[in-house]
Amino acid sequence: MATVLVLNGPNLGRLGTREPDIYGSIDYAGLEKLITDKASSLGFEVEVRQTDSESELIGWLHEAVDRRLDVILNPAAFTHYSYAVSDAAVQVTKSGRKLIEVHLSNPHSREEFRHRSVITPVASGVIAGFGADSYLLALTQLAV
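Position 139, counted from 1, in the sequence shown is what our numbering calls 354; the numbers after and before it change by one each time, with no gaps.
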């Protein structure tokens, strides 16, 4: 059974209480269960992780390369400025694995600074604006 890393950046551990009008009412545990259940129905195992640490996220992307795993990545605020995360993400795609960038909200419908992603140019694809379903759509794409 294939394993997929689902990696989440800063503040996503606060889901359910952090701006539910933007990010939805699902809490992080609920999101993790949704992802795990969908992955199981598609024949995947998933490791769902969240960190507020840029260096830890980079380490997990390096792990994906070493383990030859596909990645679903919600880089959160790191989306807009972290060239270090981008440099680690490109290693995933250059290794022949997929990296799908996901966002709960649609960054392009929000503040101007959110319109730029340093991850998008190195990602296999981007799914944004569908709430928790963004992750489920990414898993479905990996099953194709």
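Just so it is clear, CB atoms sit at the ideal spot from N, CA and C, and this is done for glycine as well. Because the structure is a prediction, the values reported are computed rather than measured.
Assigned exposure category for D285 - 16 Cβ within 10 Å defines buried:
buried
Runs of alpha helix (DSSP H) wholly within the region 298-337 (minimum 4 residues, chain order)
298-309
If you draw a straight line from the C-alpha of L249 to the C-alpha of V341, how long is it?
19 Å
What did DSSP end up calling D285 once you bin it into helix, strand or coil?
strand
Which runs of the alpha helix (DSSP H) spanning at least 4 residues fall entirely within the region 238-283, listed in chain order?
243-257 and 269-282
K220 in three-state terms, based on DSSP
One detail in the question is off: residue 220 reads as Leu in this sequence, not Lys. L220: strand per DSSP, three-state reduction.
Would you decide whether V221 is buried or exposed? Buried here means 16 or more other CB atoms lie within 10 Å of its CB.
buried
For G340: DSSP bridge partner residues:
I315
How long is the line joining the alpha carbons of Y298 and V333, rounded to whole angstroms?
7 Å
Under the three-state DSSP convention, the category T232 falls into
coil
Between the region 305-316 and the region 273-287, do three or more beta carbon pairs fall short of 8 Å?
yes
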